[in-house]
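Just below is one structure, and these are the notes that go with it.
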Amino acid sequence: MKSFIITSILFGVGFSAYLYAITHWTVQFETKELRILFSRVSLILILVPLFILSFFSKSPFIAYLKKPQWNELIYFPFIWSGFHRTSVKFFLFIALIVNTIVFTPFIIQNGWFAIKEMWLLTIIFSITNAVLEELIWRGNLLNRFSELLGEKWAVVLTSLGFGLQHYSLGIPWVTCIAFSIGGMFYGGITIKGRSVIPSILWHFIFNILMVLSGFLLN
5 MKSFIITSIL
15 FGVGFSAYLY
25 AITHWTVQFE
35 TKELRILFSR
45 VSLILILVPL
55 FILSFFSKSP
65 FIAYLKKPQW
75 NELIYFPFIW
85 SGFHRTSVKF
95 FLFIALIVNT
105 IVFTPFIIQN
115 GWFAIKEMWL
125 LTIIFSITNA
135 VLEELIWRGN
145 LLNRFSELLG
155 EKWAVVLTSL
165 GFGLQHYSLG
175 IPWVTCIAFS
185 IGGMFYGGIT
195 IKGRSVIPSI
205 LWHFIFNILM
215 VLSGFLLN
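Those letters in the sequence shown? Residues 5 to 222, by the numbering used here.
This is how it looks when you write it as structure tokens:
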């Protein structure tokens, strides 16, 4: 419990610094695109206290930064149990197909010209956001909470936090809840695959689809 409280406090310190940065420092940027990119880079402020904590604990800073176990099994819909089971790699493949199908009509509606205008922002935003958010929630906190509370509670807590974090960006509650549900499966493939790489890849593709569909800038 002591380790859990310390981890939570240090995360709170980093998150407070992150909120301060996106609230007070982003106003100096003239365009919405630059403000969005700066807010994503500011996620580093959350990682700094967690990085310091790793020096004083036996837990590594990023535990799951290793080659994925692609053939490990994951169940749907409850990760550890469900009516269907499949490998991590096939689950990820199906998830990406579903995401693409959902976003494609909006991408088409947005038009080819918009895609050409946004391709650089899309790549920079998608890489920065996917890597930093996954290192925070699945790379660091998921591992630490798994050691302290067990894998299932760790997935639940980090998924809720992941969804609620987006509320600070002005995203509606309904969408934040959807992100929390998605975070459950990000955590699931991280736990089952013993690596944060699948969730980074999934998050990266999802971000690309989200930007190209116009949801980020509209």
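Glycine included, C-beta positions come from ideal geometry on N, C-alpha and C.
Query raised in the report: Taking the Cβ atom as the reference point for each residue, do F94 and G86 lie within a distance shorter than 8 Å?
Result: Your numbering for residue 94 matches position 90 in the sequence shown. Your numbering for residue 86 matches position 82 in the sequence shown. Going by C-beta atoms, F94 is not nearer than 8 Å to G86.
Report task. Counting only runs of 4+ residues fully inside the region 140 to 168, write out the alpha helix (DSSP H) ranges in chain order. Result -> 146 to 153
Report task. To the nearest angstrom, report how far apart M122 and S20 are at their CA atoms. Result -> Within the sequence shown, residue 122 is the residue found at index 118, counting from 1. Within the sequence shown, residue 20 is the residue found at index 16, counting from 1. Approximately 30 Å, taken between the alpha carbons.
Requested in this report: Could you pull the start and end residues of the beta strand (DSSP E) that P81 belongs to?
Outcome: Position 77 of the sequence shown holds residue 81. Counting along the chain, the beta strand (DSSP E) containing P81 begins and ends at L77 to P81.
**Report entry** Span of the alpha helix (DSSP H) around T247
**Finding:** Here the chain covers residues 5 to 222 and nothing more, so residue 247 does not appear.
Report task. Consider the Cβ of H170: report whether some Cβ of chain B lies at a distance smaller than 8 Å. Result -> No chain B appears in this structure, which consists of one protein chain only.
Query raised in the report: Where N133 and K6 are concerned, what is the direct C-alpha to C-alpha distance, given to the nearest angstrom?
Result: One-based indexing of the sequence shown puts residue 133 at position 129. One-based indexing of the sequence shown puts residue 6 at position 2. Approximately 31 Å between the Cα atoms of the pair.
Query raised in the report: Taking the C-alpha atoms as reference points, what is the distance between G192 and E37?
Result: To locate residue 192, count along the sequence shown from 1; it is residue 188. To locate residue 37, count along the sequence shown from 1; it is residue 33. Distance between the alpha carbons of G192 and E37 is about 32 Å.
Query raised in the report: For G115 versus I66, is the C-beta spacing smaller than 8 Å?
Result: Counted from its first residue, the sequence shown places residue 115 at position 111. Counted from its first residue, the sequence shown places residue 66 at position 62. No. Outside cutoff.
Query raised in the report: Ordered along the chain, which non-local residues of its own chain (more than five positions away) have a Cβ less than 6 Å from that of F189?
Result: Here the question's residue 189 lines up with position 185 in the sequence shown. Closer than 6 Å at the Cβ level, and outside the excluded window around F189, lies no residue.
**Report entry** Minimum C-alpha distance to V159 - residue among E138, V45, L23 and W177
**Finding:** Against the sequence shown, residue 159 aligns to sequence position 155. Comparing Cα-Cα distances from V159 to each of E138, V45, L23 and W177, the minimum goes to E138.
Requested in this report: For the alpha helix (DSSP H) containing M188, list its first residue and its last residue.
Outcome: The sequence position of residue 188 within the sequence shown is 184, counting from 1. Taken as a continuous stretch (DSSP letters only), the alpha helix (DSSP H) holding M188 covers W177 to G197.
Query raised in the report: If you count every other CB in all the chains shown that lies within 10 Å of the CB of Y22, and 16 or more means buried, which is it?
Result: On the sequence shown, position 18 is the one that residue 22 refers to. Per the 10 Å Cβ criterion, buried.
Query raised in the report: How many angstroms separate the CA atom of L57 from the CA atom of T11?
Result: Walking along the sequence shown from the start, residue 57 turns up at place 53. Walking along the sequence shown from the start, residue 11 turns up at place 7. Distance between the alpha carbons of L57 and T11 is about 8 Å.
Report task. Below 8 Å CB to CB, which residues in the same chain sit around Q73 once its five sequence neighbours on both sides are set aside? Result -> Stepping through the sequence shown from its first residue, residue 73 is reached at position 69. Cβ neighbours of Q73 beyond the five flanking positions: V92, K196, G197, R198 and S199.
Requested in this report: Please list, in chain order, all residues of the same chain as R39 whose beta carbon is under 6 Å from its beta carbon, the five residues on each side excluded.
Outcome: Start at 1 with the first residue of the sequence shown, and residue 39 comes out as number 35. Contacts found: T30 and F33.
Report task. Whole angstroms is fine: what's the gap from I212's alpha carbon to I48's? Result -> Along the sequence shown, read from residue 1 onward, the residue named residue 212 stands at position 208. Along the sequence shown, read from residue 1 onward, the residue named residue 48 stands at position 44. Answer to the nearest angstrom: the Cα atoms are 21 Å apart.
Requested in this report: Name the two residues that bound the continuous alpha helix (DSSP H) containing L220.
Outcome: Stepping through the sequence shown from its first residue, residue 220 is reached at position 216. Unbroken run through L220: none, as it is neither H nor E.
Query raised in the report: In whole angstroms, what is the alpha-carbon distance linking Q113 and S184?
Result: For the purposes of this step, residue 113 is taken as the residue at position 109 of the sequence shown. For the purposes of this step, residue 184 is taken as the residue at position 180 of the sequence shown. Each residue's Cα considered, the two are about 27 Å apart.
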